[in-house]
Each structure stands twice: as structure tokens, then as C-alpha cells.
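K.L.:
Sending over a structure as C-alpha cells; questions will come in a sec.
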Amino acid sequence: MARMVIAVSGTPGTGKSIFARALAKKLGAQVIDLNALIKKKRIYRLDVDGTKIANLPKMRKEFVRAIQSSHGPVIVEGLLAHLIPKRYLTHVVVLRTRPRILERRLRARKYSKTKTRENVEAEALDIILWEAVKIHGMNRVYEIDTTKLKPSSAVKLFLDALAGKIPLKPGKVNWLEEYYKK
Ligand SMILES: Nc1ncnc2c1ncn2[C@@H]1O[C@H](COP(=O)(O)OP(=O)(O)O)[C@@H](O)[C@H]1O
Ligand SMILES: [Mg+2]
Numbered sequence: 004m005a006r007m008v009i010a011v012s013g014t015p016g017t018g019k020s021i022f023a024r025a026l027a028k029k030l031g032a033q034v035i036d037l038n039a040l041i042k043k044k045r046i047y048r049l050d051v052d053g054t055k056i057a058n059l060p061k062m063r064k065e066f067v068r069a070i071q072s073s074h075g076p077v078i079v080e081g082l083l084a085h086l087i088p089k090r091y092l093t094h095v096v097v098l099r100t101r102p103r104i105l106e107r108r109l110r111a112r113k114y115s116k117t118k119t120r121e122n123v124e125a126e127a128l129d130i131i132l133w134e135a136v137k138i139h140g141m142n143r144v145y146e147i148d149t150t151k152l153k154p155s156s157a158v159k160l161f162l163d164a165l166a167g168k169i170p171l172k173p174g175k176v177n178w179l180e181e182y183y184k185k
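Under the working numbering, the sequence shown has 157 at position 154, and the numbering climbs by one with no breaks.
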């Protein structure tokens with residue numbers, strides 16, 4: 004079988020970093036933290052509000068360089084992980100969180116009101132899931148709602164899906180009605 008290279012993406016606060024670490028332990032995989040890579044290689048510019056905007060072509064190049072110099076399964080995590088081209092990834096996990104709960108997590112992280120709202124709206128609109136499916140197709144994308152799941156349970160679900168025991172097809176989650184009801 005080809006080497007597993009699993010992307011873990013999702014809106015900030017959906018639990019990517021925790022999930023990636025727990026999954027890596029189970030698979031004996033190496034974790035590539037895309038945010039750290041972007042910082043270390045200084046391949047970003049700063050937005051007016053201080054947000055780092057990654058240079059995507061350079062990010063892809065650095066990622067490829069990183070996997071070419073390593074062996075064994077790889078997990079690449081970060082909110083841009085699904086933007087790595089299809090030929091390099093075997094699986095794409097998109098983590099989801101109910102907007103109201105996500106809002107709490109982001110406020111707890113001291114995100115500004117504006118940043119929090121931007122991210123919560125992106126989550127309500129399925130932005131990352133939609134991009135992931137557009138690039139990688141339905142069959143490679145696994146959607147997991149972590150709202151009520153411990154990280155270890157989310158990992159268990161994904162391992163069950165890898166083993167073909169359960170489907171985790173995109174499209175189960177729908178936050179729209181709840182989010183725009185207010
Ligand atoms: N499955 C989960 N259930 C409840 N809280 C979670 C879960 N996963 C992550 N969290 C919490 O949400 C916050 C964001 O988690 P983190 O892994 O840093 O997210 P991300 O890397 O996607 O930004 C942390 O405070 C973490 O403790
Ligand atoms: Mg993180």
C-alpha cells in the first residue's frame with residue numbers, strides 16, 4: 004500500500020492539533036504542523052490586523068520537501084492542510100464544531116470579536132469542507148463533528164472509517180439553520 008499521508012483540516016478551534024497528535028500516536032506517524040512550518044520558513048506576509056497570510060505555493064513546496072526527506076506515515080495539520088494538492092494526500096479529515104460552541108472556544112483563546120465572528124461564520128458555511136471536497140473528491144474526505152466527542156473518540160471514529168467499518172462521508176453536518184435563526 005502507498006504511504007499514508009493524512010491531512011487534518013478545519014476551522015480554528017475545531018480540535019485539529021489535539022486530534023492530529025492523538026492519531027499520530029495510534030498510527031506511529033510523524034506530525035507536520037503547517038503553521039509552524041510557515042513560521043519557521045518565513046513564508047507569509049502580515050495582514051493589516053497582524054494575521055499571517057501564508058504563501059501557498061511556497062507552503063506546498065516546503066511540505067513536499069519535508070515529506071520527501073522522511074519515511075513512514077505522515078499527518079499534516081493546520082487550517083490550510085486541505086489545500087495541499089491531491090497527489091500528495093491519501094486522506095483528508097475535516098473536523099467540525101457547532102458554531103455556538105466554537106464561538107466559546109475562540110473567545111476563550113482571546114480571539115477578537117471580529118476574528119471570532121469570521122471563523123464562526125466560515126464554520127457555519129462549511130467553507131473548509133467545501134474546499135476539501137472540491138480538491139480531493141467525496142471519497143477521500145472524512146468529516147467528523149467533534150462538538151460532543153472527546154479527541155480520543157474522534158480518533159477512534161476515524162480509525163474505524165479507515166478500517167472500512169463505518170462511513171464518515173462529508174455532508175452530515177448542517178449548522179446553517181441553527182446559526183442564522185437568531
Ligand atoms: N474533541 C474536543 N472536545 C472538546 N474540546 C476540544 C476538542 N478538541 C479540542 N478541544 C478544545 O478546543 C480548543 C482548540 O483545540 P485545538 O486542537 O488547539 O484546535 P485547532 O488546532 O483546530 O485550532 C482547545 O481548547 C481544546 O482543548
Ligand atoms: Mg492548532
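The beta carbon of each residue, even a glycine, is placed where N, CA and C say it ideally should be.
Given A84, which residues of its chain have a CB within under 7 Å of its CB, disregarding the five upstream and five downstream residues?
P.N.:
The residue labelled residue 84 in the question sits at position 81 within the sequence shown. Cβ neighbours of A84 beyond the five flanking positions: A10, V11, S12 and L37.
K.L.:
Run the proximity test for G75: is its beta-carbon closer than 7 Å to any non-hydrogen atom belonging to ligand 1?
P.N.:
In the sequence shown, counting from the first residue as 1, residue 75 sits at position 72. No, since every heavy atom of ligand 1 falls outside the 7 Å radius drawn around the Cβ of G75.
K.L.:
Are the beta-carbon atoms of L162 and K29 separated by less than 8 Å?
P.N.:
By 1-based counting over the sequence shown, the position of residue 162 is 159. By 1-based counting over the sequence shown, the position of residue 29 is 26. Yes, the pair counts as a contact, with Cβ atoms nearer than the cut-off.
K.L.:
Distance check for E181 and G81, CA to CA, integer angstroms please.
P.N.:
Position 78 of the sequence shown, counted from the first residue, corresponds to residue 81. Position 178 of the sequence shown, counted from the first residue, corresponds to residue 181. Taking the straight line joining both Cα atoms gives about 26 Å.
K.L.:
Hey, how far is the Cα of K42 from the Cα of L49?
P.N.:
One-based indexing of the sequence shown puts residue 42 at position 39. One-based indexing of the sequence shown puts residue 49 at position 46. For K42 and L49, the distance between alpha carbons rounds to 11 Å.
K.L.:
Starting from Y182, follow the beta strand (DSSP E) in both directions and report where the run begins and ends.
P.N.:
Along the sequence shown, read from residue 1 onward, the residue named residue 182 stands at position 179. Not the beta strand (DSSP E): Y182 falls in the alpha helix (DSSP H), residues L179 to Y183.
K.L.:
Return yes when the Cβ of I147 is within less than 8 Å of the Cβ of R99, no when it is not.
P.N.:
Along the sequence shown, one-based indexing puts residue 99 at 96. Along the sequence shown, one-based indexing puts residue 147 at 144. Yes, Cβ-Cβ distance for R99 and I147 is below 8 Å.
K.L.:
Alpha carbon to alpha carbon, what distance is there between V79 and K64?
P.N.:
Here residue 64 is taken as the residue at index 61 of the sequence shown, counted from 1. Here residue 79 is taken as the residue at index 76 of the sequence shown, counted from 1. Taking the straight line joining both Cα atoms gives about 14 Å.
K.L.:
Could you compute how far the alpha carbon of I61 sits from the alpha carbon of A164?
P.N.:
As a first step, residue 61 must be located in the sequence shown, where it is residue number 58. As a first step, residue 164 must be located in the sequence shown, where it is residue number 161. The sequence as given places Lys at residue 61; Ile does not occur at that position. Approximately 32 Å, taken between the alpha carbons.
K.L.:
Can you look up I87 in the DSSP assignment and give me helix, strand or coil?
P.N.:
Counted from its first residue, the sequence shown places residue 87 at position 84. Correct three-state label for I87: coil.
K.L.:
Nearest CA to the CA of H139: which residue from P173, R45 and S73?
P.N.:
Your numbering for residue 139 matches position 136 in the sequence shown. Of P173, R45 and S73, the residue nearest in Cα terms is P173.
K.L.:
With DSSP as the reference, label K55 as helix, strand or coil.
P.N.:
Your numbering for residue 55 matches position 52 in the sequence shown. In the structure shown, K55 sits in a strand (DSSP, three-state: E or B).
K.L.:
Indicate whether A125 and T54 have their beta-carbon atoms separated by less than 8 Å.
P.N.:
Working through the sequence shown from its first residue, we reach residue 125 at position 122. Working through the sequence shown from its first residue, we reach residue 54 at position 51. Their beta carbons are not under 8 Å apart, which means A125 does not touch T54 by this criterion.
K.L.:
Quick check: the Cα distance between V136 and L92, rounded to an integer number of angstroms?
P.N.:
Walking along the sequence shown from the start, residue 136 turns up at place 133. Walking along the sequence shown from the start, residue 92 turns up at place 89. Their backbone Cα atoms lie some 13 Å apart in a straight line.
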